[in-house]
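Let me begin by presenting the structure, written as structure tokens, before commenting on it.
Protein chains: 2
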Amino acid sequence: MTAWTTAESTEPDETTLDRIDGWWRAANYLSVGQIYLLRNPLLRTPLTAEDVKPRLLGHWGTTPGLNFLYAHLNRVIRQRGQPAMYVTGPGHGGPGLVANSYLDGTYSELYPDVSQDEEGLRRLFRQFSFPGGIPSHVAPEVPGSIHEGGELGYALSHAYGAAFDNPDLLVATVIGDGEAETGALATSWHSNKLANPRTDGVVLPILHLNGYKIANPTVLARIPEEELRSLMIGYGHRPYFFEVPDDPQDPAAAPAEAHRRFAALLDEVLDEIAAIKARAAAGDEDRPRWPMIVFRTPKGWTGPAQIDGKKTTGSWRAHQVPLSNAKDTPEHLAVLADWLASYRPHELFDAEGRLQADIAELAPPGRLRMSDNPHANGGLLLKDLRLPDFRRFGVDVPAPGGTVAEATKVLGQWLADVVRSNPDNFRIFGPDETASNRLQAVYEATDKQWNAEFDSPEVDDHLARVGRVVEMLSENQCQGWLEGYLLTGRHGMFNCYEAFIHIIDSMFNQHAKWLKVTNHIPWRRPIASLNYLLSSHVWRQDHNGFSHQDPGFIDHVVNKSADVVRVYLPPDANTLLSTYDHCLRSRQYVNVVVSGKQPAPNFLTMEQAVAHCTRGVGIWDWAGSEELGTDPDVVLAAAGDVPTLEALAAADLLRTRLPGLRVRFVNVVDLMRLQDSTEHPHGLPAREFDQIFTRDKPIIFAYHGYPWLIHRLTYRRTGHPNLHVRGYKEEGTTTTPFDMVMLNDLDRYHLVMDVIDRVPSLQSTCATLRQEMSDKRIAAREYTRAHGDDIPEVRDWVWPDARRLGTVAGAAAGSATGGDNE
Amino acid sequence: MTAWTTAESTEPDETTLDRIDGWWRAANYLSVGQIYLLRNPLLRTPLTAEDVKPRLLGHWGTTPGLNFLYAHLNRVIRQRGQPAMYVTGPGHGGPGLVANSYLDGTYSELYPDVSQDEEGLRRLFRQFSFPGGIPSHVAPEVPGSIHEGGELGYALSHAYGAAFDNPDLLVATVIGDGEAETGALATSWHSNKLANPRTDGVVLPILHLNGYKIANPTVLARIPEEELRSLMIGYGHRPYFFEVPDDPQDPAAAPAEAHRRFAALLDEVLDEIAAIKARAAAGDEDRPRWPMIVFRTPKGWTGPAQIDGKKTTGSWRAHQVPLSNAKDTPEHLAVLADWLASYRPHELFDAEGRLQADIAELAPPGRLRMSDNPHANGGLLLKDLRLPDFRRFGVDVPAPGGTVAEATKVLGQWLADVVRSNPDNFRIFGPDETASNRLQAVYEATDKQWNAEFDSPEVDDHLARVGRVVEMLSENQCQGWLEGYLLTGRHGMFNCYEAFIHIIDSMFNQHAKWLKVTNHIPWRRPIASLNYLLSSHVWRQDHNGFSHQDPGFIDHVVNKSADVVRVYLPPDANTLLSTYDHCLRSRQYVNVVVSGKQPAPNFLTMEQAVAHCTRGVGIWDWAGSEELGTDPDVVLAAAGDVPTLEALAAADLLRTRLPGLRVRFVNVVDLMRLQDSTEHPHGLPAREFDQIFTRDKPIIFAYHGYPWLIHRLTYRRTGHPNLHVRGYKEEGTTTTPFDMVMLNDLDRYHLVMDVIDRVPSLQSTCATLRQEMSDKRIAAREYTRAHGDDIPEVRDWVWPDARRLGTVAGAAAGSATGGDNE
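Residue numbers (UniProt numbering), protein chains in the order written: chain A, 1 to 822; chain B, 1 to 822.
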């Protein structure tokens, strides 16, 4: 069988419907058991308080619905041979997904201790929300999952990320009606305007309207059905409504009837999807109106109708642990016993505690089990990228600063070749900023994938039905898509304005935590790193100003486990190329790369760039004025492109004005090198650090971001007391480029003043030079106010070697007329 | 005239329509002038390259549409006497909003330098996107704005926040079709299910479909109109479509015709709103289907159709500066001259450069001008809260640790009284977590405002058409609403799980920047602080585990300007009360308060709590074992409720096991006290800090969050080299409460080991005790694995004074059966 077959006239028979019901009851039983039971998993003896866990932690409300859907999907997957993944949007479906993967055998294959027998059941129950066990939501430990039920809102973005370039994959995605209220989820419905019906897989959204969140009804469950229908049509779907009434007396609420109705609905929906797929295969790639299902069931369905006289099933009271005193009060214990018995476990499990064979037959075979779908363990499918030699794309640097380039533009040319070499497993995501961030060369190799309406080519710039670049003005979507794409075994990157990457701070948290946890789950195979390219950065917001200035994402990232985060600040075009090549080869990391897009001098030849990036930090002999074999008087260090430029200009001033001063120039590409090797795998050993930065000389450090991060990273270093960091301060206003660095005291003149202030021998002798530097700052500021541009001696400054060469003029701080960000 | 009058049969006459057109042309002219011109603002002489700015920075695309709407709103506001605000969602409408506030006179009133004459015009043009001038988007400097055009997505949330409890206010809100793709905006349409038609103002969303973002078409402009209509109906609106075709030959594109059509539409929409308001006033508070307008116009409307042979107006090329070489090429200069002339400035401005009087008459009078609406300068309207004496709500503390309380629950009781005393200018926002965070006592005083469908009271827990609590499962919405509410002169708070507050990291950035900038704008009056209550915090995630653990919001906040951020970690219930009272009284800050919700011991009487919170940091004599007048051997410090508990338990162990050791116990409530007074207004002067923490004794600091923040804050302190911080590490798993602190080495036993390791006299003498502590940790861990609960000696530990008192048992680490977060 292949994907997207139809199943017309194959309505399930009673045996199959019974099997579905058996599976569902078994999954519900196992879910309740996980929440409550410490032992006696098959209720061989009457339930006692000792069988109940001492601390009741977990969530029931969403689980029976998830189990119902899983059981029904099993049938159609098996019948149609349709590869499918299950993305569980509702936050706390943990017990349900664990139960289903246990029932289909995957769980015991991966965790042999949790075996298919009574002892295995006991362990399964005990481990749930238990010290050292597993959490109450779908977590990396759960087979078949790429989507943690921690923070809500990303189910559909993850699902579409998984579906891109997997044309045969069905991604059944349950969206909780609580989750549906989040911003990220609300816009992610529009993903259907980016997906291609021929070359991408199919996301089947199932909006689970169980009506309640923790303590409130949900918005979408409390609007008229016609309004919800309009909303789904407005989102571009064809909605199918399915409802189980919250009234056990209603015939439509009877499980057998619910199974019959839902089985028919699911067949209809999958047939429709198959028809769309067939049309697309035949060449009709117009955006289809994809089906989606509104699945309205009582919250906590099949649980106790009332507890302590209060409505529980069908209310927010079913959200977490409905019988919170099951251990302590006989009344609750009795309700729990009845509840468990209502699933008739003796019909479901055999004498050994194994699922009855006929029910087990509902599961699809092998890798068709949703819990065992290899896409959900993407590392299994991951292939190395075919990476063109980035050295071929390097810029010519006849002398340091001897040429000028827009670093990200240069990177774009290499990325175009990466795209050419990897036409189906590499994507670039961005919130409408790929061109603004100067990666436009990629459009020589590919287009922006788009499946909304088209207009004429004169306004539709590189829009096409299929393309490697995916853009929508939502950082949440870009992050979610990329995560889904990576977690299913592909490669990619996310380019974004530096300031607004904070929008996905919390998504980054969740992904970094996922990576960290999976590092300790042997069956989870390594996936490609999540690569950021942050441009339009803090130092060049010439017209946007203060609102677009925030270099703090680096700080946020560094709070996460050292195992999984890397931060790079390449100072020029060739180092950016070398850095990004490294990032695209890496696994299991989050790589943050910050680089400017404005014209700026190139300092390192490709050979030098490779050596420098390999080391991550190094002394630039050509920029310093050291004498071989002796310690310098001062270390001038920089991390970041603009700080490097200013530090070099300061070094130039120092060598001219204080020719006897021995200045060491250090550049840092890999920020993690600053930490000690005991704290970060990239950290420099103490001896190497001291050799570079000295143990006792003043260090003036010009840094891209908030200065204290450098202090934090170098905290344990011998020379740390001598470290003086200049970085970004929250002082922005509308400025020219040099104005901006002056406002933050990161400018060349101020760095020279810092050197004078911190080298003891200069403090008393250089008062005049210090005054001159201070005067120059005032003059430079005055010039910008009068002329609207930077003072020529700054704007046109070039490194002395390049000056002699005469190849460049006035590119230093980016003198071009024109904006920064759009 | 009062709000919500109807204007049936008052179709505007030709004179009025001409006036509208004149205003629109004038606003467009001023917008183009700001982007391009350095001088010669009225084109008295032929345009030359010298008149053009050296660096062209700014945005044109969205501006003419914004100007069109502003002009038309002027008319209806004037005619109906309708107070209205204008929220500008599109990111870069700066030139337009500056132009309109200049035309209606507000700008010159607030900035007399930018006067109503030719010299004023010159200054107006020059300052835009110029060093030391104003940014290209709507910023705090722009009169009439509460919404910065920095980061996109919050226009509707801000608008509804402004509308809450302002029943007579119209908030005309333009949503850019780029912005509409963001997650935050996509869910914020649902705000209409929370607003009340009688007691709240009216938000009129105007979706500005100009079709393009920076480099791409927008999604909503590229779906069939019927689909967009469905979407808006699905969001709960009645959409009105207005279109100006992108074809100047089309009669419907003629300005006169566009004005006539739009004026009629606006009258119809405002009449409909008035009718809804009348029905609501008569008692029909059912959720109305509020009108909204889809406003489709060419991007850059009225700009050059083509530039360099490429379609510009009606394309993404109109987004920023369409004539980027106006200064350098005569061709572009000529196009610019024609473009400017097309607005016929000589008809618009008189000989002095003042707007022609008849056009100026379009503006409403005084405070009805949208630029001068006092709600947009909320401090003008701000009244102090009437705060009940929080001391009355304190818990009884017969001895330290002598009683147990859930701190946030106690706070809730006071908040209920705050609500009672301030029925119309204080709101509590939360993402479905107000009850989970244990503030449920507020429901004794108020309800959750809800205007979607209702069900029976047994499931609709304190839902009502009007209430002080507003909940929706979107942190973005909560933050946006609260910002809008505060910016329009009211008070409020946002309660949230600590980990997921990162979702609004970037919104916090924007608000903190707004506050910082407004501190330097004299006409902007101080507004109430934005108060967070972060609960369900990192240390109590017993079943959620790792995904719910992140204390890093504090780090993020501290990166912002010291002028505007405050962080508080009250250790118990009475200190939380005192802290929150302080926060609700403050102005122009962001106050972050982190507090647990689990049962925990109370340590300070109300009198002690007030004194302690007033100091922000202090020595707890009762907890230490110092001798008066001598320095201690070691300082044990804590910040945060769980760290304080563990540090006290360590102090208890030390006094029992090492009775000769002089331990000083320090508690920190106000984290900013740790900084030097030169760095933060709350910082302790060096001498005071040294008196508390000593200059040379070991300090063991138990901290709530990531440990390095404490290092950063105390970096300049004399005693910093002796500081050893224990805090949260990224190592979480599913645990019991004590397991969790052990996993992070923040537990009592480890703190005792730290003391032994760092007090020189103990290092050699206490090996046995150290080993015993280490053994206890292993035993405690083993116990949790065996029993699923914390070891009784920890779980039941109480402070010695309370032990003697015998009033409490086993409440220390929260031994209650039951969950942490929902």
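For each residue, glycine too, the CB sits at the ideal point set by N, CA and C.
Chain-ordered, the chain A residues with CB closer than 7 Å to the CB of B/W708 read R712.
When C-alpha distances from A/L37 are compared across B/L805, B/G788 and B/R803, the shortest belongs to B/G788. For B/A84, no alpha helix (DSSP H) segment is defined; the enclosing uninterrupted segment is the beta strand (DSSP E) at A84 to T88. Restricting attention to B/E646, B/P760, B/D745 and B/R78, the CA atom closest to the CA of B/V634 is found in B/P760. Residue A/R55 holds the alpha-carbon nearest to the alpha-carbon of A/D328 among A/F390, A/R712, A/Y783 and A/R55.
Between A/V419 and A/F429 a beta carbon distance of about 13 Å is seen, past the 8 Å cut, so the two are scored as non-contacting. As computed with DSSP, A/G618 is found in a beta bridge with A/N667. One thing to note: A/A637 has its Cβ within 7 Å of the Cβ of A/I699. Within 7 Å of the CB of B/E471, the CB atoms of chain A belong to N216, in sequence order along the chain.
Contact of B/S315 with chain A by beta-carbon distance below 8 Å involves E458 and V459. According to the DSSP assignment, B/S474 belongs to no beta strand (DSSP E), since it is labelled neither H nor E.
Taking a contact as a CB-CB distance under 8 Å, the pair A/V741 and A/L653 does not count as one, their CB atoms being some 14 Å apart. A/H543 sits close to B/S129, with the two beta carbons spaced by under 7 Å. Annotation: the continuous alpha helix (DSSP H) that includes B/N74 extends over T63 to R80. Rounded to the nearest whole angstrom, the C-alpha separation of B/S230 and A/I307 is 41 Å. Segment contact: the stretch 132 to 148 of chain B against the stretch 79 to 93 of chain B, three or more CB-CB distances shorter than 8 Å; contact assigned. Inclusion of B/A305 and B/T313 in the CB contact set at 7 Å is warranted, their separation being smaller than that value. For A/I134, the CB contacts under 8 Å within the same chain, skipping 5 residues up- and downstream, are G94, V98, Q127, F128, E141 and V142 in chain order. In the structure shown, A/D460 adopts coil according to DSSP, grouped into three states.
Counting only the Cα atoms, A/W414 lies some 12 Å from A/R438.
Where B/T15 is concerned, the enclosing alpha helix (DSSP H) starts and stops at E14 to Y36.
Residues of the stretch 504 to 518 of chain B whose Cβ lies closer than 9 Å to any Cβ of chain A, in chain order: I504, D505, S506, M507, F508, N509, Q510, A512, K513, W514, K516 and V517. For A/T403, the enclosing beta strand (DSSP E) has its first and last residue at T403 to E406. Contact between A/L194 and A/N377 is ruled out by a C-beta separation of about 25 Å, above the 8 Å threshold. The straight-line gap separating the alpha-carbon atoms of A/G492 and A/Y703 is approximately 28 Å. Listed in chain order, the alpha helix (DSSP H) elements of length 4 or more contained wholly in the stretch 280 to 343 of chain B are 330 to 341. For B/S157, the enclosing alpha helix (DSSP H) covers residues A155 to A163. In this structure B/G806 is exposed. Its beta-carbon is surrounded by fewer than 16 other beta-carbon atoms within 10 angstroms. DSSP places A/F242 within a strand segment (E or B) once states are collapsed to three. Contact between B/L709 and B/I554 holds, since their C-beta atoms are separated by about 6 Å, short of 8 Å.
Contact of B/Y715 with chain A by beta-carbon distance below 7 Å involves H711. Classified as exposed, B/G660 has fewer than 16 neighbouring CB atoms from the shown chains inside 10 Å of its CB. A/I223 belongs to the set of residues whose beta carbon lies under 7 Å from a beta carbon in chain B. Residue pairing for A/Y212: DSSP places it in a beta bridge opposite A/P217. The Cβ atoms of B/L569 and B/A499 lie no closer than 7 Å to each other. Note that the C-beta distance between A/L486 and A/I521 is not below 7 Å.
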